[in-house]
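In what follows, a structure is listed as structure tokens, so that the remarks can point back to it.
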């Protein structure tokens, strides 16, 4: 199974290999991974891992529990370093400019 999410100037995708025992919660500036059912992330034994949207946070995260099969999730973070944020006023200005140019030509 594969999930792919595109929001604003970032691309985040995650892939898992077995039935998902890792919760993924997203906010505007980070993703939170949580192991469930007594699993913990290897090697730090924490149940929650918070990732900022940075390329260096790309990688495989493993939830482990003694006597259980490992649960892996691969997270790929990409950011758009040369993107321009477009607000409403700028968009309206461009549309009006194109309309005026079209009428005058």
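Numbering (our numbering), first residue to last: 40 to 144. Where a beta carbon is used, it is the ideal one built from N, C-alpha and C, also for glycine.
Asked	Found
Test item: CB-CB of residue 110 and residue 122 under 8 Å	no
Element boundaries [alpha helix (DSSP H), containing residue 138]	127 to 143
Residue 118 - containing beta strand (DSSP E), residue span	110 to 118
DSSP state of residue 63 mapped onto helix, strand, coil	strand
Residue 71 to residue 107 span [Cα, whole Å]	23 Å
Residue 93 burial status per 10 Å Cβ neighbour count (16 or more: buried)	exposed
From 90, 124, 80, 63, residue whose alpha carbon lies closest to that of residue 117	90
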